[in-house]
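Okay, structure first, notes after.
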Amino acid sequence: MEPTPSSAIAEIDRFIEESRQLIARAEACRQSLIALGAREGHLLMATRTITAMGRIQATLLRQRAMLPQRALLPEGAAPPEAGRVPAVVVVARPARPWWALVGRRKAEARLS
């Protein structure tokens, strides 16, 4: 038996509210990492996790927006495609070239 449109909407609304709470909690954790001076890799991992959580929430919001439309569509008809949410781009600092450090250490060793 398929769920009614109103129960599906209520279920997705609960998921959306839970995702908002989880994203807020993850953002608070990221802010505490920043305050504690975490390394760049940890901050990047936290940012990517929050970005992925945001994409899941965007998917839930699109599904929520399409549910009332699906209830009105004739059976077997395809729903119109919802507007796409732009992807969030995370930019990190470029990595230091490790070979420059090796060459400098060899030169320092020769001088002494």
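Numbered per UniProt numbering, the sequence shown spans residues 1 to 112. No residue lacks a Cβ here, since even glycine has one placed at the ideal position from N, Cα and C.
When only Cα atoms are considered, E17 and R93 end up about 34 Å apart.
If the five residues before and after P68 are omitted, its C-beta is found closer than 6 Å to no C-beta atom of its own chain. Inclusion of I50 and R25 in the CB contact set at 8 Å is not warranted, their separation being larger than that value. If the five residues before and after F15 are omitted, its C-beta is found closer than 7 Å to the C-beta atoms of L60, all from its own chain and listed in chain order.
Rounded to whole angstroms, A52 and L22 show a C-alpha spacing of 12 Å. Pairing I12 with R48 gives a Cβ-Cβ distance that is not under 8 Å. I34 and L43 do touch by the CB rule: their CB atoms are close to 7 Å apart, below 8 Å.
The closest CA to that of R55, considering only G41, R39, L36 and S19, is found on S19. The three-state reading of DSSP puts G54 in helix, counting H, G and I together.
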